[in-house]
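Student:
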Amino acid sequence: MDSDLDTRNGGAARAAPPYQFRTRAIHVGQGPDPATGAVVPPIHVASTYVQRAAGEWGAFDYSRSGNPSRANLERAVADLESGCGGLAFASGMAAIHCAMMLVKSGDHVVAGTDIYGGTYRLLHRVLDRSGVDVTLAPSTDLAAFERAMRPTTRLVWIESPGNPLMTVTDVGACAEIAHRHGARLAVDNTFATPVLTRPLERGADIVMHSATKYLGGHSDALAGMLAVRDPELWKELYFFQNAIGGVMGSLETYLVARGLKTLELRVREQCRSAARVAECLAADRRVRRVLYPGLATHAGHALAAQQMDRAFGAMLSFEVHGDLEKTKRVAGATRLFQLAVSLGAVESLIEHPASMSHASYHPDDRRAHGISDGLIRISIGLEDPGDLCADLDQALDA
Ligand SMILES: Cc1ncc(COP(=O)(O)O)c(C=O)c1O
222 MDSDLDTRNG
232 GAARAAPPYQ
242 FRTRAIHVGQ
252 GPDPATGAVV
262 PPIHVASTYV
272 QRAAGEWGAF
282 DYSRSGNPSR
292 ANLERAVADL
302 ESGCGGLAFA
312 SGMAAIHCAM
322 MLVKSGDHVV
332 AGTDIYGGTY
342 RLLHRVLDRS
352 GVDVTLAPST
362 DLAAFERAMR
372 PTTRLVWIES
382 PGNPLMTVTD
392 VGACAEIAHR
402 HGARLAVDNT
412 FATPVLTRPL
422 ERGADIVMHS
432 ATKYLGGHSD
442 ALAGMLAVRD
452 PELWKELYFF
462 QNAIGGVMGS
472 LETYLVARGL
482 KTLELRVREQ
492 CRSAARVAEC
502 LAADRRVRRV
512 LYPGLATHAG
522 HALAAQQMDR
532 AFGAMLSFEV
542 HGDLEKTKRV
552 AGATRLFQLA
562 VSLGAVESLI
572 EHPASMSHAS
582 YHPDDRRAHG
592 ISDGLIRISI
602 GLEDPGDLCA
612 DLDQALDA
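Quick note on the working numbering: the sequence shown kicks off at 222 and runs consecutively.
1) Count Cβ pairs between the segment 374–387 and the segment 325–340 that sit closer than 8 angstroms; are there 3 or more?
2) How about M469 and R296: do their beta carbons lie closer than 8 angstroms?
3) Grab me the residues of G466's own chain with a C-beta within less than 8 angstroms of its C-beta, minus the 5 sequence neighbours each way, in chain order.
4) Indicate the three-state DSSP secondary structure (helix, strand or coil) for M209 in the structure shown.
5) Cβ of Y337 within 7 angstroms of any heavy atom in ligand 1?
6) For V511, which beta-bridge partners are listed by DSSP?
7) Straight-line CA distance for D254 to R588?
8) How is Y240 classed by DSSP in three states: helix, strand or coil?
9) Out of E453, A413, L344, point me to the one whose CA is closest to A526's CA.
10) Just to confirm, are D391 and T340 a CB contact at a threshold of 8 angstroms?
11) Have a look at S563 and L570 and give me their C-alpha separation to the nearest angstrom.
12) Is V347 helix, strand or coil when you go by DSSP?
13) Under 7 angstroms from any heavy atom of ligand 1, does the C-beta of F412 make it?
14) Apply the 10 Å Cβ neighbour rule to R506 and answer buried if 16 or more other Cβ atoms are within range, or exposed otherwise.
15) Please classify E546: does DSSP put it in a helix, a strand, or coil?
16) Tell me the rounded alpha-carbon separation between P415 and P606.
17) Would you kindly check if the distance between the Cβ of L436 and the Cβ of G480 is under 8 angstroms?
18) In terms of residues, what are the limits of the beta strand (DSSP E) holding H329?
19) Which value, in whole angstroms, describes the spacing of the CA atoms of F461 and G515?
20) Within 7 angstroms: the Cβ of V428 and any heavy atom of ligand 1?
21) Can you tell me whether E568 sits near ligand 1, meaning its C-beta is under 7 angstroms from at least one heavy atom of the ligand?
22) Taking the straight line between their C-alpha atoms, what separation do you get for G279 and A616?
23) Mind reading off the beta-carbon distance from R375 to R405? Whole number of angstroms is fine, and I expect it under 8 angstroms.
24) List the DSSP bridge partners of I597.
25) Does any CB atom of chain B fall closer than 8 angstroms to the CB of Y337?
26) Starting from D505, trace the beta strand (DSSP E) in both directions and tell me its first and last residue.
27) Would the C-beta of S578 count as close to ligand 1, meaning under 7 angstroms from any of its heavy atoms?
28) Could you pull the DSSP bridge partners for M429 from this structure?
29) DSSP puts V355 in a beta bridge; with which residues?
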């Protein structure tokens with residue numbers, strides 16, 4: 222093995238070319254256990270670590286502050302996101318909360334309008350209690366987005382593709398706007414994954430994941446991640462993580478690290494299936510509109526083709542003709558797609574954003590930002606795409 226890719230347990234974060242994404246996803250931070258030679262590193266469950274002498278700290282002292290399994294995963298995700306360091310949390314929301322700790326009373330946050338309902342809730346019903354002002358603005362309209370900036374804006378938060386409308390945002394342009402106004406740009410990269418987009422390479426300061434989704438990929442771990450490219454920012458966020466304590470558990474660390482090894486294969490195959498399902502839906506007269514960046518009719522198609530690496534994601538939304546009852550009947554009538562929130566796993570899921578993932582939006586904001594009651598969101602898994610199209614076909618008759 223080339224010494225540029227140090228795969229020993231606890232090995233270097235650095236993995237220089239020629240190793241490609243897929244290779245690094247398997248090896249960085251995932252080297253054999255030096256104590257036993259076990260090919261898969263052990264799951265470290267200890268909560269505390271023996272020290273040589275009082276005040277002489279070893280590499281690990283207490284698992285809230287650091288744990289070998291978590292450190293390896295943080296190294297792996299930072300590497301895949303082209304960052305200098307990562308931080309692993311108990312959930313995506315814990316990761317977002319940690320990033321939001323960067324703002325304080327009197328500061329202002331600008332966020333895109335197409336964002337996860339939980340992020341909206343954190344911004345509007347938690348952060349506002351600390352005296353932080355929040356403005357939602359359409360990140361797809363850069364002029365309008367820039368108009369939302371104030372002298373006190375310290376953080377800009379976007380998703381691309383956005384949840385649930387699949388809007389595509391120019392990450393590089395948003396980074397420029399944020400920096401010009403003295404703010405940092407954070408990108409929730411849950412939908413795109415680092416397989417398709419690496420925001421830090423495009424100027425973002427923070428990248429965030431609900432690792433519950435594609436990184437884990439099997440609907441069996443609740444987890445969140447941050448990665449950054451500035452070591453000073455990493456230290457600041459690490460301070461908050463340790464002070465607040467919402468760290469990822471050891472079992473979840475193992476499950477997400479295992480998920481990473483097949484991330485690229487899963488995502489690319491899921492994207493292929495999603496493209497086929499999008500075409501099936503777009504050709505169906507029972508469907509009013511399909512939101513998928515891979516369709517030439519999608520407003521963000523050209524930007525997605527340039528910003529996402531050879532695929533358009535495996536999430537899509539659509540609306541059916543008819544009223545709310547009809548929408549709910551369709552969402553409840555699938556047999557393979559399971560009616561559940563979450564996404565990004567091997568099994569396909571279907572949900573109704575207005576009453577599920579985005580129920581915490583104020584109804585006026587939902588309406589204003591285009592999240593209609595008729596919208597259905599689907600996450601394409603790894604089932605046969607023909608089976609998935611057939612399942613939607615029979616559900617549309619509901
Ligand atoms: C885009 C996005 N960001 C963040 C989150 C929150 O992550 P978690 O549920 O792991 O806390 C979700 C959850 O659905 C999400 O879809």
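Just so it is clear, CB atoms sit at the ideal spot from N, CA and C, and this is done for glycine as well.
Tutor: A quick look at the data gives this:
1) Output reads yes: the segment 325–340 touches the segment 374–387.
2) Pairing M469 with R296 gives a Cβ-Cβ distance that is not under 8 angstroms.
3) Around G466: R285.
4) The chain is shown only over 222 to 619; residue 209 falls outside these bounds and no answer can be derived.
5) For Y337, the Cβ falls inside the 7 angstroms cut-off from some heavy atom of ligand 1.
6) In the DSSP assignment, V511 is bridged to F539.
7) Cα-Cα distance, rounded: 53 angstroms.
8) In the structure shown, Y240 sits in coil (DSSP, three-state: anything other than H, G, I, E or B).
9) The option with the nearest alpha carbon to A526 is A413.
10) Cβ atoms of D391 and T340: not closer than 8 angstroms.
11) A straight-line Cα-Cα distance of about 8 angstroms links S563 and L570.
12) Look at V347 here: in three-state DSSP terms it is coil, with no helix or strand label.
13) Yes, since a heavy atom of ligand 1 falls inside the 7 angstroms radius drawn around the Cβ of F412.
14) Exposed, by the Cβ-count rule.
15) Note: E546 maps to helix in three-state DSSP.
16) Note on geometry: alpha-carbon atoms of P415 and P606 lie some 23 angstroms from one another.
17) Cβ atoms of G480 and L436: closer than 8 angstroms.
18) For H329, the enclosing beta strand (DSSP E) starts and ends at 329–333.
19) Spanning the two alpha carbons is a distance of roughly 38 angstroms.
20) Flag unset: Cβ of V428 not near ligand 1.
21) The answer is no for E568.
22) Their Cα atoms are separated by approximately 58 angstroms.
23) With a Cβ gap of about 7 angstroms, R375 and R405 count as contacting.
24) I597 is bridged by DSSP to F539.
25) Considering every chain present, this structure includes no chain B. It has just one protein chain.
26) From DSSP, D505 is part of no beta strand (DSSP E); its letter is neither H nor E.
27) Yes, since a heavy atom of ligand 1 falls inside the 7 angstroms radius drawn around the Cβ of S578.
28) DSSP lists D409, L447 as partners of M429.
29) Per DSSP, V330.
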